[in-house]
Each structure stands twice: as C-alpha cells, then as structure tokens.
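Visitor: Before we start, here is the structure in question, set down as structure tokens.
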Amino acid sequence: KAGVTQTPRYLIKTRGQQVTLSCSPISGHRSVSWYQQTPGQGLQFLFEYFSETQRNKGNFPGRFSGRQFSNSRSEMNVSTLELGDSALYLCASTSGTSDYNEQFFGPGTRLTVL
Amino acid sequence: AQSVTQPDIHITVSEGASLELRCNYSYGATPYLFWYVQSPGQGLQLLLKYFSGDTLVQGIKGFEAEFKRSQSSFNLRKPSVHWSDAAEYFCAVGGGNKLTFGTGTQLKVEL
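Structure representation (structure tokens):
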C-alpha cells in the first residue's frame with residue numbers, strides 16, 4: 084500500500100505570494116492532519132480534516148487554510164506569505180477519528196519564503 | 008492545555024550503549040502517548056504508542072517505553088543503540104488526530 088504523498092517536495096516563494104500544498108493520504112484513510120515544523124517552534128498542529136470537514140484547528144492565523152476533497156486528498160493554502168512561514172509542512176493520514184488511530188506521516192513539503 | 012516536555016535537546020551515546028530519552032507530559036484526561044522518529048529529510052515514523060493497559064510498551068527497532076502516571080512520564084529506552092538510530096526523536100500526546108509534540112531530542116551515535 085502506498086504511503087502518504089506530498090507535493091511538491093520543495094518550494095521557493097517570495098513574501099506576499101500565496102502557496103498551495105497537496106497531500107494524498109493512504110488509500111482508505113479519511114482523515115488528514117497538517118503540521119508545521121520549524122527549528123524555533125517545533126512541530127505544531129495546523130488543522131485536521133475528516134470527510135471534507137475541518138474537525139480541529141490549531142492556533143494559526145487565518146492566512147492558513149485547508150480543504151479536503153471527496154477522494155480524501157487535502158490541500159493547504161497559505162496566503163500573503165511571510166518569512167516566518169518558511170518551514171517543513173507535514174501531512175498525516177489516519178483511517179478514522181478514534182484516538183487510537185495511528186497517524187502516518189508523509190515526507191513533507193519544504194517551503195522557503197524569500 | 009496539553010503539553011510535552013523533552014528536557015534533552017541533544018544526546019550522544021556510543022554504539023552498543025543503552026539509551027533513555029525523557030518525556031514528560033501534561034494532559035487533562037487519559038493520555039494517548041506516542042514516540043516518533045525523524046531521519047534527516049524524512050517524515051515521522053511511529054516507534055510505539057500507549058493508550059492503556061500494560062505500562063511497558065514495545066515498539067519497532069527494539070525500542071520500548073514505560074508509562075508512569077505518577078511522574079507524568081513516558082521515557083523511551085533501547086538496551087543497545089545502533090549507529091542507524093541516529094535521528095531526532097519526538098514524544099507526543101493527544102488524540103482525535105491532533106497531536107502535541109515535544110521539541111525533540113537529537114540523538115548522535117558515536118562509533
């Protein structure tokens with residue numbers, strides 16, 4: 084079974100631009116969570132989608148948004164990029180909503196904002 | 008609010024030596040606890056998890072962790088470290104597909 088895939092793997096943008104990152108979960112998984120990883124703040128939860136609905140949201144400004152499609156693929160969008168948005172963005176998928184479900188992580192998208 | 012503390016930012020051990028990585032958590036209810044490992048340029052891989060039951064849990068790659076409610080700890084151990092274990096290790100708490108991570112411990116293995 085294929086793992087979680089994220090595209091693109093690397094991205095360079097300039098301040099003020101917007102960016103869209105994509106995540107394809109493991110086949111059959113319906114929940115997708117997004118995390119931001121930076122050297123200063125570590126791993127921080129952005130949001131989680133299940134069956135096209137946002138279930139949980141972390142403490143990030145409204146510039147960060149996401150969505151999930153009927154095939155469970157998810158995208159996250161960051162508008163008006165700032166230098167501090169440079170990070171590794173990780174997506175994780177699980178099969179359901181139970182607390183017992185293991186999250187499987189993708190390799191991440193490395194975003195650099197210049 | 009839930010939180011995780013990993014007090015050791017860096018740890019260096021010799022290959023073949025034992026390892027213990029510390030993790031303390033704060034969680035309002037029954038904690039769901041996890042240890043993940045991240046190699047350079049890679050995503051996170053789950054080593055082991057604790058939900059309930061036996062407080063000593065076994066994971067992959069020879070790792071184990073012990074849940075101690077009285078100390079709010081979930082330390083990761085390995086009896087004999089291999090050079091390939093060099094990576095960053097994250098303890099996490101949570102549920103409902105929302106994890107709170109510690110800041111990580113970078114493990115270096117000396118040959």
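Line order of the protein sequences matches chains A and B.
Heads up, our numbering is the position in the first sequence plus 83, with the first residue counted as 1.
Heads up, our numbering is the position in the second sequence plus 7, with the first residue counted as 1.
The beta-carbon is built from N, C-alpha and C at its ideal position, and this holds for glycine as well.
1. Have a look at B:Glu-95, B:Ala-72 and B:Gly-66 and flag the residue whose alpha-carbon is nearest the alpha-carbon of B:Pro-47.
2. Mind checking if B:Leu-51 is an interface residue toward chain A, Cβ cutoff 7 Å exclusive?
3. Quick check: what's the CA-CA separation for A:Gln-101 versus A:Leu-194?
4. Exposed or buried, which one is B:Leu-118 when buried takes at least 16 other CB atoms within 10 Å?
5. Taking 7 Å as the CB-CB cut-off, is B:Thr-62 touching chain A?
6. Return the first residue and the last residue of the beta strand (DSSP E) that A:Ile-79 is part of.
7. Taking 7 Å as the cut-off, decide whether the C-beta atoms of A:Gly-149 and A:Met-159 are in contact.
8. With 16 other CB atoms within 10 Å as the buried threshold, where does B:Leu-114 fall?
9. Any beta carbon from chain B within less than 7 Å of A:Pro-108's own beta carbon?
10. Whose C-alpha, out of A:Thr-88, A:Arg-138 and A:Val-161, is nearest the C-alpha of B:Asn-104?
11. Considering only their Cβ atoms, is the gap separating A:Glu-185 from B:Leu-53 smaller than 7 Å?
12. Can you give the Cα-Cα distance for B:Gln-9 and A:Lys-84, rounded to whole angstroms?
13. Taking the CB atoms as reference points, tell me whether A:Phe-188 and A:Ala-175 lie closer together than 7 Å.
14. What is the C-beta distance between B:Tyr-57 and B:Phe-81, in whole angstroms, given that I count them as a contact (C-beta under 8 Å)?
15. Does the beta-carbon distance from A:His-112 to A:Ser-178 come in below 7 Å?
16. So if I threshold CB-CB distances at 9 Å, which residues from the region 88-118 of chain B count as touching chain A?
17. Enumerate in chain order the residues of its own chain whose CB-to-CB distance from A:Val-161 is below 7 Å, with the five nearest sequence positions on each side excluded.
18. Here's the rule: buried if 16 or more other CB atoms are within 10 angstroms of the residue's CB, otherwise exposed. What is A:Thr-121?
19. Let me see if you follow: with CB-CB separation under 7 Å, is A:Glu-185 close to chain B or not?
20. Below 7 Å CB to CB, which residues in the same chain sit around A:Gln-127 once its five sequence neighbours on both sides are set aside?
21. Within 7 Å of any Cβ in chain B, is that where the Cβ of A:Leu-94 sits?
22. Please list, in chain order, the chain B residues whose beta carbon lies closer than 7 Å to that of A:Glu-131.
23. Going by alpha carbons, who is nearest to B:Arg-141 out of B:Thr-19, B:Ala-24, B:Pro-38 and B:Val-116?
Guide: Per the coordinate set shown:
1. Counting from 1 along the second sequence, the entry for residue 47 of chain B is found at position 40. Nearest C-alpha to B:Pro-47: B:Glu-95.
2. To locate residue 51 of chain B, count along the second sequence from 1; it is residue 44. Yes, B:Leu-51 counts as interfacial toward chain A.
3. Taking the first residue of the first sequence as position 1, residue 101 of chain A is located at position 18. Taking the first residue of the first sequence as position 1, residue 194 of chain A is located at position 111. Roughly 11 Å separates the two Cα atoms.
4. Taking the second sequence and counting its residues from 1, one reaches residue 118 of chain B at position 111. Counting Cβ neighbours within 10 Å, B:Leu-118 comes out exposed, since fewer than 16 surround it.
5. Taking the first residue of the second sequence as 1, we reach residue 62 of chain B at position 55. No, no contact with chain A.
6. There is simply no residue 79 of chain A to check, as chain A begins at 84 and stops at 197 in what is shown.
7. Along the first sequence, one-based indexing puts residue 149 of chain A at 66. Along the first sequence, one-based indexing puts residue 159 of chain A at 76. Yes.
8. Here residue 114 of chain B is taken as the residue at index 107 of the second sequence, counted from 1. Flag for B:Leu-114 reads buried.
9. Translated into positions along the first sequence, residue 108 of chain A becomes position 25. Output row for A:Pro-108: interface = no.
10. Here residue 104 of chain B refers to the residue found at position 97 when the second sequence is read from its first residue. Among A:Thr-88, A:Arg-138 and A:Val-161, the Cα nearest to that of B:Asn-104 belongs to A:Arg-138.
11. Along the second sequence, read from residue 1 onward, the residue named residue 53 of chain B stands at position 46. Along the first sequence, read from residue 1 onward, the residue named residue 185 of chain A stands at position 102. Yes. Within cutoff.
12. One-based indexing of the second sequence puts residue 9 of chain B at position 2. One-based indexing of the first sequence puts residue 84 of chain A at position 1. C-alpha separation (whole angstroms): 33 Å.
13. The count along the first sequence starts at 1 and reaches residue 188 of chain A at position 105. The count along the first sequence starts at 1 and reaches residue 175 of chain A at position 92. In this structure, A:Ala-175 lies closer than 7 Å to A:Phe-188 by Cβ.
14. If you number the second sequence from 1, residue 57 of chain B lands on position 50. If you number the second sequence from 1, residue 81 of chain B lands on position 74. About 6 Å; that satisfies the 8 Å criterion.
15. Your numbering for residue 112 of chain A matches position 29 in the first sequence. Your numbering for residue 178 of chain A matches position 95 in the first sequence. Going by C-beta atoms, A:His-112 is nearer than 7 Å to A:Ser-178.
16. Listed in sequence order: Phe-97, Ala-99, Gly-101, Gly-102, Gly-103, Asn-104, Lys-105, Leu-106, Thr-107, Phe-108, Gly-109, Thr-110 and Gly-111.
17. Translated into the one-based positions of the first sequence, residue 161 of chain A becomes position 78. Here the set comprises Gln-101, Val-102, Arg-146, Phe-147 and Asp-168.
18. What you label residue 121 of chain A is simply residue 38 of the first sequence in a count that begins at 1. It is exposed - the Cβ of A:Thr-121 has fewer than 16 other Cβ atoms within 10 Å.
19. Translated into positions along the first sequence, residue 185 of chain A becomes position 102. Chain B contact via Cβ: present.
20. Looking up residue 127 of chain A in the first sequence gives position 44. Excluding sequence neighbours, A:Gln-127 sits near Tyr-118, Gln-119 and Gly-141.
21. To locate residue 94 of chain A, count along the first sequence from 1; it is residue 11. Output row for A:Leu-94: interface = no.
22. By 1-based counting over the first sequence, the position of residue 131 of chain A is 48. Those within 7 Å of A:Glu-131 in chain B are Asn-104 and Lys-105.
23. Nothing about residue 141 of chain B can be read from this structure; chain B reaches only from 8 to 118.
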